[in-house]
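Numbering (our numbering), first residue to last: -16 to 153. Structure, as structure tokens:
Rendered as structure tokens:
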């Protein structure tokens, strides 16, 4: 239900919020929304077509060698898939949040690089919260792409700050 009604919900929110925004805020909003949607979709696609098959294969093939047998119902399976895919899509929103903080000058690429170890720990904690199962494979499978996204955020933040400093010189 929420997937079908979500575009309509976004429309009503935009209709309410857009008149109150300044021109600068509106200019920033469109790329942020498009980037956010694109990253969410990328996270869903990566999870559904790459990570989910490997995770399901692990549950059904590799656990048998350990003497375990998965006993999922159809409802549990669909619940797992939905939570896993949506959680991964949400995890891919990390760059949007970080780059918004960089854009508004709340953090810098130097700060992000200096606090990298803490960020990795926080990413693993977030992955443990988002992951639909308590196994280590799912945790690592969710945290590794998020860590790579954080590293890419550092590089993009560096580029943003560099471009901003160059434009302020001219």
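Every residue, glycine too, gets a C-beta built ideally from N, C-alpha and C. Every value quoted in this text rests on a predicted model; they were computed, and no experiment measured them.
Its chain contains no residue whose beta carbon lies nearer than 8 Å to that of residue 16 once the 5 sequence neighbours on both sides are disregarded. In the three-state scheme derived from DSSP, where H, G and I count as helix and E and B as strand, residue 50 is classed as coil. By the neighbour-count criterion, in which a residue is buried when 16 or more other Cβ atoms sit within 10 angstroms of its Cβ, residue 7 is exposed. In this structure, the straight-line span from the alpha carbon of residue 59 to that of residue 113 is close to 16 Å. Within its own chain, the residues whose Cβ lies closer than 8 Å to the Cβ of residue 135, once the five positions on either side in sequence are excluded, are 78, listed in chain order. Around the beta carbon of residue -8, fewer than 16 other beta carbons sit within 10 angstroms, so the residue counts as exposed. Taking a C-beta distance under 7 Å as the contact criterion, residue 71 and residue 26 qualify as a contact pair. Here the alpha carbons of residue -1 and residue 89 stand approximately 27 Å from one another.
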